[in-house]
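Reading the sequence shown from the start, the letters are residues 1393 to 1876 in the numbering used here.
Okay, so here's the structure we're looking at.
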Amino acid sequence: MFDFNALNEITQNVKNDIKKNIDIDAYSLWFEALDVLKITDLVIAVSVPTAVKQINIESRYKNLIIQAVKNLYDLNVQAIIYNTQDGKISKERVDADERVLIVRDVKELEPPAAFRDTSAENREFGEFITNNNNKSDINRSFSLEYTFDNFVVGSSNRLAYKACTIVAQYPAAKYNPFFIHGPSGLGKTHLLYAISNEYSHQFRNARVLYTNGEEYTNSFINSLSEANRQQKQQYLQYFREKYRNCDMLLIDDIQFIEDKESTQEEFFHTFNALYTAGKQIILTSDRAPRNIKTLSDRLTSRFESGLIVDIQPPDLELRIAILKLKSKDMGIKVPDEVLFFLAENISTNIRQMEGAIKKLNAYSYVNNTSITLELAKACIADILSGTEPINVTVEKVLSLISQMFAVPQEELKSRKRTKEIALARNVAIYIIRRITDLSLPKIGKIFGRDHATIYSAVNSIEDETKINISLSNKIEEISKLAKN
Ligand code: ADP
Ligand code: MG
């Protein structure tokens, strides 16, 4: 929370911005008495004096508030509107509502099962905070699926697993900081979630903050980017409080701060503040601390003063065990010979193995066939052989779409929204999503849009194909050509 004076000023700024975008009578009627109660990177909470105002803003004017925050602070927030008719709004209530909103937002963005990403990014897109009084909200969190119970232990990850369980039970006692490293797709994020779940279960009032190197960096840079000096100070202060005000801080993929000097500097302070206050810090990275180039010596030696464990690629036995568990969890029947085949052939990345099962499942579902060895061989040929680079495929899709929809290729990435261009663009997005392993955010980058837009484009085309045979045929044809 900002302090009272800061909130006063933010309230003024927000109202002034709204005033510019609405006629003055409507402004005085609905917004004159608005107060900002809280603002974070994700949420703005405001109050108005009556239920009528609340309902009206909620249904008609909410966007003005959201847009004002975007204009003023370059933050993409959701808005919560309260009315004070029934009394003062407590901080606890706002905090709880904020969590629900954040969790719900993430949930809604999950792609449909058949298109679920094989990369972890969909569930790794941000921070979450648990602060536990309201367990049911948190139960909705996507990260709760990852626990110690569904982590399969073998010789390559036993040490990491064991250390994680100890840290969850005895935080800040033995291993602090705790650093896990290993190549992508071997369960680091899974273990972080498992720790945070176990820990919040044990210590119900503890405040756990999960984030990743990228979020942390962006959040820090945002706090610096404010033009107005005074606001900048407030943001920085907000940033600092946020990361220092927790009992356990987990930062995934900390290697992201490589090369980012001022972020490293700031992290050093975050680190020290938490460490000296006896709070647990847990970090993961795709390599050992000393191999993170440009990581300042100070940080490296801090990391090394705690416990560092690594995760190695799984052996065959572990791979089969994991595949068995995953297919069971997904509720699909995969014959042993197929599991064995997958385990034999995909050896270094568990995420890829999961992706293969999902793909097989989607394929057998759509074509109404059972999962056989032949199907597996055909269906995951690309994973096995490493297909042509994805960007070649993307280029092919764009060029085919441009021809078939008679839309210039550069318009596909433009902001133009005429019906023809928007349709062609959405179909391109849909096909890319279907035939590549690119995540929503990555596809978003290609088209200069955010993941939510990509997600809704995919959905809208998917719905359309159900009723529009000619479109659906066109898509099949383009997909086939693009894959060759
Ligand atoms: P990383 O963060 O190391 O890139 P993730 O934690 O995202 O990897 O793991 C990728 C996928 O593999 C996740 O779905 C995770 O649940 C699964 N996974 C990895 N290791 C195991 C394991 N030992 N047991 C069960 N699932 C695992
Ligand atoms: Mg990860």
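Note that CB positions come from ideal geometry on N, CA and C, so glycine has one too.
What's the gap between the Cα of residue i and the Cα of residue j?
i, j, result
"Ile1481", "Ala1770", "59 Å"
"Ser1806", "Asn1783", "18 Å"
"Asn1455", "Leu1429", "17 Å"
"Ile1457", "Arg1636", "29 Å"
"Val1819", "Tyr1847", "12 Å"
"Cys1556", "Ala1874", "44 Å"
"Phe1660", "Ala1713", "40 Å"
"Lys1866", "Phe1839", "21 Å"
"Tyr1627", "Leu1616", "8 Å"
"Asp1842", "Gln1656", "27 Å"
"Tyr1538", "Ser1420", "49 Å"
"His1593", "Arg1599", "11 Å"
"Ile1473", "Lys1671", "34 Å"
"Glu1868", "Arg1826", "11 Å"
"Arg1452", "Val1444", "12 Å"
"Leu1434", "Val1758", "37 Å"
"Lys1638", "Leu1601", "In the sequence on display, residue 1638 carries Cys and not Lys. Distance between the alpha carbons of Cys1638 and Leu1601 is about 6 Å."
"Lys1554", "Gly1479", "49 Å"
"Pro1563", "Ile1673", "9 Å"
"Glu1856", "Pro1833", "23 Å"
"Glu1650", "Ile1684", "6 Å"
"Pro1569", "Ile1587", "14 Å"
"Thr1764", "Ile1436", "51 Å"
"Asp1409", "Arg1690", "44 Å"
"Gln1693", "Tyr1567", "The residue you asked about is not Gln; residue 1693 is Ser in the sequence shown. Approximately 15 Å, taken between the alpha carbons."
"Asp1829", "Val1850", "14 Å"
"Ile1416", "Ile1449", "15 Å"
In the DSSP assignment, the beta strand (DSSP E) including residue i goes from what residue to what residue?
i, result
"Gln1477", "Segment: none, Gln1477 is in no beta strand (DSSP E) and carries neither H nor E."
"Ser1848", "Careful: Ser1848 lies outside any beta strand (DSSP E), inside the alpha helix (DSSP H) at 1843-1859."
"Gln1830", "The amino acid occupying residue 1830 in the given sequence is Leu; Gln does not appear at that position. No beta strand (DSSP E) contains Leu1830, which DSSP labels as neither H nor E."
I'd like the span of the alpha helix (DSSP H) that includes residue i, first residue to last.
i, result
"Arg1807", "Where Arg1807 is concerned, there is no enclosing alpha helix (DSSP H), given that its DSSP letter is neither H nor E."
"Gln1704", "No alpha helix (DSSP H) contains Gln1704, which DSSP labels as neither H nor E."
"Gln1656", "1653-1668"
"Leu1616", "1605-1616"
"Ala1748", "1742-1759"
"Leu1879", "Past the boundaries of the shown model lies residue 1879; the chain is included only from 1393 to 1876, so the question cannot be answered."
"Gln1446", "1443-1448"
"Ala1768", "1765-1771"
"Asp1689", "1689-1696"
"Lys1430", "Here Lys1430 belongs to no alpha helix (DSSP H); instead the beta strand (DSSP E) covers 1427-1431."
"Val1461", "1454-1465"
Pop quiz: residue i and residue j are said to be a contact at Cβ under 8 Å. What is the actual Cβ separation, rounded to whole angstroms?
i, j, result
"Asp1678", "Ser1548", "About 16 Å separates the two Cβ atoms, so there is no contact after all."
"Leu1583", "Phe1543", "7 Å"
"Ala1768", "Leu1752", "6 Å"
"Ala1460", "Val1438", "Ala1460 to Val1438, Cβ: 10 Å. No contact."
"Val1440", "Asn1413", "Actually they are not in contact, since the Cβ atoms of Val1440 and Asn1413 sit about 17 Å apart, beyond 8 Å."
"Ile1813", "Glu1803", "5 Å"
"Leu1464", "Val1406", "7 Å"
"Asn1589", "Leu1675", "Their Cβ separation, rounded to whole angstroms, is 18 Å, which puts Asn1589 and Leu1675 out of contact at 8 Å."
Quick check on this structure: which residue in the options has the alpha carbon closest to the alpha carbon of residue i?
i, options, result
"Ser1762", "Gly1747, Thr1581, Ile1835, Val1730", "Val1730"
"Gly1698", "Tyr1627, Asn1610, Ile1572", "Ile1572"
"Ile1821", "Thr1810, Ala1798, Glu1787", "Glu1787"
"Phe1540", "Asn1568, Asn1463, Tyr1591, Phe1570", "Tyr1591"
"Ile1700", "Lys1580, Asn1741, Asp1433", "Lys1580"
"Met1745", "Arg1694, Val1726, Tyr1757, Tyr1608", "Val1726"
"Ser1871", "Val1789, Ala1844, Pro1833", "Val1789"
"Gly1723", "Phe1570, Val1850, Ala1754, Pro1441", "Ala1754"
"Arg1550", "Gln1704, Arg1596, Glu1736", "Gln1704"
"Ser1654", "Leu1687, Ile1643, Ser1719, Lys1858", "Leu1687"
"Ile1772", "Glu1802, Glu1736, Gln1801, Leu1804", "Glu1736"
"Lys1878", "Ile1749, Phe1732, Asn1741", "This structure gives no information on residue 1878, because the portion of the chain shown stretches from 1393 to 1876."
"Leu1641", "Glu1658, Arg1711, Arg1694, Thr1662", "Thr1662"
"Asn1614", "Glu1490, Ala1564, Thr1432", "Thr1432"
"Val1545", "Tyr1567, Glu1856, Leu1708, Ile1835", "Leu1708"
"Leu1666", "Ser1693, Glu1633, Asp1651", "Glu1633"
"Asn1400", "Leu1426, Ala1680, Lys1411, Asp1415", "Leu1426"
"Phe1631", "Glu1658, Lys1652, Gln1647", "Glu1658"
"Asn1741", "Ile1416, Glu1490, Leu1578, Asn1664", "Leu1578"
Is residue i a contact residue of the ligand ADP, with contact defined as CB to any heavy atom under 7 Å?
i, result
"Lys1750", "no"
"Glu1887", "The structure shown does not extend to residue 1887, since the chain is modelled only from 1393 through 1876, so no value can be given for it."
"Tyr1602", "no"
"Arg1711", "no"
"Val1544", "yes"
"Arg1679", "no"
"Ile1742", "yes"
"Gly1723", "no"
"Lys1580", "yes"
Is residue i a contact residue of the ligand MG, with contact defined as CB to any heavy atom under 7 Å?
i, result
"Thr1828", "no"
"Asp1644", "yes"
"Thr1539", "no"
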